[in-house]
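Q:
In mature numbering (1 follows the signal peptide of the UniProt record, and there is no 0), the protein residues as written are -29 to -1, 1 to 462.
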């Protein structure tokens, strides 16, 4: 037994000496304590450590902030910093930013004298463009920054005072249009204009949650059903972007109280007041999205979200394909249960004409009252559509999910509102504004002074006229032009 023990002890000792020799050999030399890189092959250390990949970035390695793309109010940047609630664009060359400076990027809160909440440019408490040394000398930087990886989207709407809600708290029109149809869509456009296609890692709100959810007030005011059918923002975030972190103001305040410096490696800032203050077409149309069509993007820029909606629809048994090959899908957004609608006799004649075209095999017609459809059914129908038409109203927002190059016809009383024309232009759709029995061409959308034409006193009325036979001719012509269009494969 003693002999056996001695042999085991000897073997263990030799093994230990061998390991010691190996690690000594792998060292960097006399007095060195750094392991040879090959040690990483057995998982003892990472193959490399880089501040460009780490969560923690020392100040000497702070990358400079770069303005990448955007229009007034919707801007995409790389390497934007934040300390104590102040965004910091660190640059040695401020001329690479828009010449309007901070005003182009972010707005201040309204002051007591700002009765109409026009908002000036953000002050130094909210946004600064300066060098790293200037920021350090002002005490605005910590020795290291905490990196926030991925694309961030920051919405600068905020509730101001007891009576001044953010612009995210209105009913369905604002619920979809002001947030998804303006703030998010503008952010996504600015991001994709830079060549990005990844979904945002986080959405950062300054407005309180009930400003952008707002379901209780929607139900009590009759604008939504008790099951939340119109409360679309939260549905969209949790369904189309399930991996995106939704940060309410408390997260922003936590970062402020931490006293740390944060580095957002990719971030889009959406600020409607900056858009209205400095936008070119924004002021003429009173639409924050007015300048977004000027941002050049690929024709498939909406595919990342469209594909997720398509996959969801398919998972629920809704095919995005036509029922009959060579027969375009026509979706009528029927508003006859609402205040703004067609004259009853014209609406009835329209259905007769559309059903005739369907029976003749010219179109596959869908008479859609969106308020009666399950949400996934709504989106799936929009995905399938080759042509969409209806009276001016919220349902036309679904044109976002149609294939690029689809047809859109917006029926309205004399006058014009550009909400959905802007969306159609951004999507590359063929768009027509319809007045009774003729189109209202783009060269007549503006007054001689460049400002938008008025909507007119009957624009929101219940007696909007339409020549059904003339309109059916328009639909037939547009359908024939799309006979051989196919739905792209899901990828």
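Yeah, the Cβ is synthetic: ideal placement off N, Cα and C, and Gly gets one too.
Please list the terminal residues of the continuous alpha helix (DSSP H) segment that includes residue 75.
A: That run of the alpha helix (DSSP H) goes 73 to 76.
Q: So does the stretch 296 to 314 actually touch the stretch 346 to 363, counting three or more Cβ pairs closer than 8 angstroms?
A: Touching, yes.
Q: Going along the chain, which residues of its own chain have a beta-carbon closer than 8 angstroms to the beta-carbon of residue 463, five neighbours each way excluded?
A: The chain is shown from -29 up to 462; residue 463 falls before or after that span and cannot be answered.
Q: Taking residue 220 as part of the alpha helix (DSSP H), name the residues at either end of that continuous run.
A: Run containing residue 220: 220 to 229, per the alpha helix (DSSP H) assignment.
Q: Flag this pair as yes or no: are the beta carbons of residue 158 and residue 58 separated by less than 9 angstroms?
A: Going by C-beta atoms, residue 158 is not nearer than 9 angstroms to residue 58.
Q: Along the chain, where does the alpha helix (DSSP H) containing residue 163 start, and where does it finish?
A: Segment 156 to 163, the alpha helix (DSSP H) holding residue 163.
Q: DSSP state of residue 275, grouped into three classes?
A: Note: residue 275 maps to helix in three-state DSSP.
Q: Hey, which unbroken runs of the beta strand (DSSP E) at 3 residues or more fall wholly within the stretch 326 to 357?
A: If we require 3 residues or more, the beta strand (DSSP E) runs fully inside the stretch 326 to 357 come out as 335 to 339.
Q: What is the DSSP secondary structure of residue 384, counted as helix, strand or coil?
A: Looking at residue 384 - three-state DSSP - the assignment turns out to be coil, as it is neither helix nor strand.
Q: Just the C-alpha distance for residue 323 and residue 395, rounded to the nearest angstrom, thanks.
A: Straight-line Cα distance between these residues: approximately 27 angstroms.
Q: Taking 9 angstroms as the threshold (beta carbon to beta carbon), is residue 44 in contact with chain D?
A: No chain D is present in this structure, which holds just one protein chain.
Q: What ranges does the beta strand (DSSP E) occupy inside the stretch 86 to 114, keeping only unbroken runs of at least 3 residues that lie completely in it?
A: Within the stretch 86 to 114, the complete beta strand (DSSP E) runs of at least 3 residues are 98 to 101.
Q: Using beta-carbon positions only, say whether residue 392 and residue 404 come within less than 9 angstroms of one another.
A: It is a contact, given that the beta carbons lie within the stated cut-off.
Q: Determine whether the beta carbon atoms of residue 74 and residue 249 lie at a separation below 9 angstroms.
A: Yes, the Cβ-Cβ distance between residue 74 and residue 249 is below 9 angstroms.
Q: I need the straight-line Cα distance from residue 419 to residue 390, nearest angstrom please.
A: Cα-Cα distance, rounded: 20 angstroms.
Q: Between residue 154 and residue 259, what straight-line distance do the alpha-carbon atoms span, to the nearest angstrom?
A: Each residue's Cα considered, the two are about 8 angstroms apart.
Q: Which residue marks the beginning of the beta strand (DSSP E) containing residue 394, and which one marks its end?
A: Here residue 394 belongs to no beta strand (DSSP E); instead the alpha helix (DSSP H) covers 390 to 398.
Q: Does the Cβ of residue 326 have 16 or more other Cβ atoms within 10 Å, making it buried, or fewer, making it exposed?
A: Residue 326 is exposed by the Cβ-count criterion.
Q: Which whole runs of the alpha helix (DSSP H) in the stretch 263 to 311 are 4 residues long or more, in chain order?
A: Within the stretch 263 to 311, the complete alpha helix (DSSP H) runs of at least 4 residues are 274 to 286.
Q: Quick one: what does DSSP say residue 34 is sitting in, helix, strand or coil?
A: In this structure, residue 34 counts as coil in the three-state DSSP scheme.
Q: What number of angstroms, rounded off, separates the C-alpha of residue 493 from the C-alpha of residue 219?
A: Residue 493 lies beyond the range of the chain shown here (-29 to 462); nothing can be said about it.
Q: In its own chain, which residues sit with a C-beta less than 6 angstroms from the C-beta of residue 378, not counting the 5 before and 5 after it?
A: Answer for residue 378: 358, 401, 449, listed in chain order.
Q: Under DSSP, the alpha helix (DSSP H) around residue 248 begins and ends at which residues?
A: That run of the alpha helix (DSSP H) goes 243 to 249.
Q: Can you round the beta-carbon distance between residue 227 and residue 115 to whole angstroms, since I take them to be within the 8 angstroms contact cut?
A: The pair is not a contact, with the Cβ atoms about 18 angstroms apart (cut-off 8 angstroms).
Q: With distances taken from CA atoms, which of 104, 77, 103 is nearest residue 95?
A: Selected option, being the one with the closest Cα: 77.
Q: Between residue 464 and residue 81, what straight-line distance do the alpha-carbon atoms span, to the nearest angstrom?
A: This structure does not reach residue 464, given that the chain is present from -29 up to 462, and the question cannot be answered.
Q: For residue 68, which three-state DSSP category applies?
A: Here residue 68 sits in coil by DSSP.
Q: Give me the Cα-Cα distance between residue 459 and residue 281, rounded to the nearest whole angstrom.
A: Rounded to whole angstroms, residue 459 to residue 281 spans 11 angstroms at the Cα level.
Q: Determine the DSSP secondary structure at residue 531, reduced to helix, strand or coil.
A: In the structure as shown, the chain begins at -29 and stops at 462. Residue 531 is therefore absent and cannot be evaluated.
Q: Does DSSP put residue 26 in a helix, in a strand, or in coil?
A: In the structure shown, residue 26 sits in coil (DSSP, three-state: anything other than H, G, I, E or B).
Q: Going by beta carbon distance, what residues of the same chain come within less than 7 angstroms of residue 436, once the five residues before and after it are set aside?
A: Cβ neighbours of residue 436 beyond the five flanking positions: 314, 317, 407.
Q: Who are residue 407's beta bridge partners in DSSP?
A: BP columns for residue 407 point to 437.
Q: For residue 124, which residues of its own chain have a beta-carbon under 6 angstroms away from its beta-carbon, when the five flanking residues on both sides are left out?
A: Excluding residues within five positions, the ones whose Cβ falls inside 6 angstroms are 158, 171, 174, 239.
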